[in-house]
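Below you'll find the structure, written out as structure tokens, and then a few comments.
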Amino acid sequence: MQYRKDKNGNDLSMLGFGCMRFSKKGNSIDIDKAEKEILAAYEAGVNYYDTAYIYPGSEAALGEILERNNLRDKVNIATKLPQYLIRNSKGLDKYFEEELSRLRTDHVDYYLMHHLTDVEMWEKLKAVGIEDWIREKKASGKIRNIGFSYHGNSDNFVTILNDYDWDFCQVQYNYLDEVTQAGVIGVKAAYEKGIPVVIMEPLRGGKLVNMLPENAKKLFAENERGWTPAEWAFRWLYNQPEVTVVLSGMNSLEMVEENCRTASDMQAGTFTEEDFGLLENVKKAIREKEKVGCTGCRYCMPCPMGVDIPGTFACYNTMYTEGKNEGRFQYAQTVGLTKEPAFASQCIECGKCEQHCPQSIPIREKLKEADRELRTPLYKVGIDLARLYMYKEKSGLTNPKSSASLKKANKGVAGRLSSVHIIVITIISVMTFGIVFSLIKNRKK
Numbered sequence: 000m001q002y003r004k005d006k007n008g009n010d011l012s013m014l015g016f017g018c019m020r021f022s023k024k025g026n027s028i029d030i031d032k033a034e035k036e037i038l039a040a041y042e043a044g045v046n047y048y049d050t051a052y053i054y055p056g057s058e059a060a061l062g063e064i065l066e067r068n069n070l071r072d073k074v075n076i077a078t079k080l081p082q083y084l085i086r087n088s089k090g091l092d093k094y095f096e097e098e099l100s101r102l103r104t105d106h107v108d109y110y111l112m113h114h115l116t117d118v119e120m121w122e123k124l125k126a127v128g129i130e131d132w133i134r135e136k137k138a139s140g141k142i143r144n145i146g147f148s149y150h151g152n153s154d155n156f157v158t159i160l161n162d163y164d165w166d167f168c169q170v171q172y173n174y175l176d177e178v179t180q181a182g183v184i185g186v187k188a189a190y191e192k193g194i195p196v197v198i199m200e201p202l203r204g205g206k207l208v209n210m211l212p213e214n215a216k217k218l219f220a221e222n223e224r225g226w227t228p229a230e231w232a233f234r235w236l237y238n239q240p241e242v243t244v245v246l247s248g249m250n251s252l253e254m255v256e257e258n259c260r261t262a263s264d265m266q267a268g269t270f271t272e273e274d275f276g277l278l279e280n281v282k283k284a285i286r287e288k289e290k291v292g293c294t295g296c297r298y299c300m301p302c303p304m305g306v307d308i309p310g311t312f313a314c315y316n317t318m319y320t321e322g323k324n325e326g327r328f329q330y331a332q333t334v335g336l337t338k339e340p341a342f343a344s345q346c347i348e349c350g351k352c353e354q355h356c357p358q359s360i361p362i363r364e365k366l367k368e369a370d371r372e373l374r375t376p377l378y379k380v381g382i383d384l385a386r387l388y389m390y391k392e393k394s395g396l397t398n399p400k401s402s403a404s405l406k407k408a409n410k411g412v413a414g415r416l417s418s419v420h421i422i423v424i425t426i427i428s429v430m431t432f433g434i435v436f437s438l439i440k441n442r443k444k
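With numbering that gives the first Met the number 0, letter number 112 in the sequence shown gets 111, and the count goes up by one each step, no holes.
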């Protein structure tokens, strides 16, 4: 196993064990199987184990396995504050202490603000005293390193990155997501600040292995390297010195063995032009099904109405490469649940974006297409309810044409909502969030 340094000079294994998807026995985690996989990873040199409050049974299973095998002080535990559940400062200690209990430990080595999607989520945490709380927990030794996991655009990522003295960060990044979410811009920005980057979704939820088109599979199979599709994805990441740890949700000994082997013999900067060329051809093969030829260059940004144009097109394309539900899930996650929504429906067809597009994409037309397919009636209701729960907003947020119309719409509906309505809608919102969390739980790292 090879190691890279964290901000404080500690050695972290290049491969991290993602504990979101331990194998199941019925409705519960198969603790015996998970134990064998964790022990195999540990013996191969893996010292970073990632879990979260909302991964059902994961923290408790990890804590039990580490305690039973006397491994707690020999590995690093990373887990996450469920910031979306925090309403006041009392919630910070409540969830953190519960996590310590589940993990059977008195400290967390790497603690993250879970699932930030924009600056407003971080500002909300600051408003309830998160900075003082972190300072106190680090001083007491209960938290050794503080970071955040992120699903949003690169602009918001860089703003959050620069707003606090972070010890590390975690982003979705792979050869297909090089210019989406935080992307290469975010990864390089963190590296330049000396902030270690932990990677999630290296295989795009397994889709860079299990859902490759036949011509992409053929390209891999015929290459003289002899690497599997998973190896190519991991090696592309390890080739970058900006990457510190790559998480993998491993639920078989075969996966553990292959991924550990890959992390043991790959050096940064060793990819050849032929290697990069092969992956470019693989990406082209995958993107043949895409609906918009957007490269994510962001020359069209910023949109005066706040539309996340490249983000919308990335989600629209995902509908056709990975499935409609996946595309809509990503749209909710990166565009719909940010404090300031960035939907395609906010477009007023001013055309400024089209003047700057190097690909000459008819952006206004394609935004309309994307909006029709990404936002079904049920989707609109679900997002509005989720936003009501998160931001106390009271209406039609998925179709704002301007900030003025948004405020007018909110005011109108607010006047028609009784307290009973609010209670009922809030309950439904919680149920909606349960569905969202279930989707998160069932996606691979």
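Ideal Cβ placement from N, Cα and C applies to all residues, glycine included.
What span of residues does the alpha helix (DSSP H) with residue i cover, start to end?
i, result
"I133", "129 to 139"
"Y330", "323 to 330"
"Y237", "228 to 237"
"C259", "252 to 264"
"L373", "362 to 373"
"D274", "272 to 286"
"Y502", "Residue 502 falls outside the range modelled here, since the chain spans only 0 to 444, and no answer is possible."
"Y41", "30 to 42"
"Y190", "182 to 191"
"F342", "Taken as a continuous stretch (DSSP letters only), F342 belongs to no alpha helix (DSSP H), as it is neither H nor E."
"E213", "213 to 221"
"A267", "Here A267 belongs to no alpha helix (DSSP H), and DSSP marks it neither H nor E."
"I159", "153 to 162"
"D92", "88 to 102"
"V118", "118 to 126"
"K290", "Neither: K290 is in no alpha helix (DSSP H) and is coded neither H nor E."
"M389", "376 to 390"
"L207", "206 to 209"
Would you call residue i buried or exposed, if buried means 16 or more other Cβ atoms sit within 10 Å of its Cβ?
i, result
"K400", "Confidence at K400 is low in this model, with a pLDDT of 45, below 50, so its placement is unreliable and the value that follows should be read with caution. Under this definition K400 is an exposed residue."
"N324", "exposed"
"D162", "exposed"
"A454", "Given a span of 0 to 444 for the chain in the structure shown, any question on residue 454 remains unanswerable."
"P301", "exposed"
"Q345", "buried"
"S402", "Bear in mind that a pLDDT of 43 at S402, under 50, signals an unreliable position, so the number given afterwards is only what the model happens to contain. Flag for S402 reads exposed."
"K351", "exposed"
"L465", "Since the displayed the chain opens at 0 and closes at 444, residue 465 lies outside it and no answer follows."
"K93", "exposed"
"E230", "buried"
"K217", "exposed"
"G15", "buried"
"V118", "buried"
"Y298", "exposed"
"K73", "exposed"
"Q354", "exposed"
"D131", "exposed"
"L396", "Note that L396 has pLDDT 44, beneath the 50 cutoff, so the model's placement of it is unreliable and the number below is only indicative. Buried is the call here."
"T116", "buried"
"C168", "buried"
"S57", "buried"
Mind checking who residue i pairs with in its DSSP beta bridge?
i, result
"R71", "DSSP, once it has assigned bridges, lists no residue as partnering R71."
"M112", "L80, F147"
"G15", "L246"
"V196", "C168"
"D10", "K4"
"V107", "I142"
"K24", "S27"
Within the continuous beta strand (DSSP E) that includes residue i, where are the two ends?
i, result
"C168", "167 to 171"
"K4", "2 to 4"
"D49", "47 to 49"
Our contact map puts residue i next to residue j with C-beta atoms below 8 Å; I'd like the distance itself, whole angstroms only.
i, j, result
"T333", "H150", "6 Å"
"M68", "L38", "Note on identity: in this sequence residue 68 is Asn, with Met being the wrong assignment. 7 Å between Cβ atoms; contact."
"K113", "S148", "The amino acid occupying residue 113 in the given sequence is His; Lys does not appear at that position. Indeed, because the Cβ distance is near 6 Å, the residues count as touching under 8 Å."
"V255", "M249", "5 Å"
"V244", "V197", "5 Å"
"D370", "A343", "4 Å"
"L61", "Y48", "6 Å"
"E497", "Y319", "Given a span of 0 to 444 for the chain in the structure shown, any question on residue 497 remains unanswerable."
"K338", "Y388", "So it is not a contact: roughly 13 Å between Cβ atoms."
Taking 8 Å as the threshold, find out whether the segment 3 to 15 comes into contact with the segment 269 to 277 through three or more Cβ pairs.
-> no
On the three-pair Cβ rule with 8 Å, is the segment 273 to 292 touching the segment 208 to 215?
-> yes
Please confirm if the segment 18 to 32 is in contact with the segment 79 to 99, defined as three or more CB-CB distances below 8 Å between the two stretches.
-> no
Cβ contact check for the segment 185 to 193 and the segment 250 to 269: 3 or more pairs under 8 Å = no
Does the segment 168 to 180 touch the segment 221 to 229, meaning 3 or more C-beta pairs lie closer than 8 Å?
-> No, they do not touch.
Do three or more CB pairs link the segment 133 to 148 to the segment 349 to 366 at distances below 8 Å?
-> no
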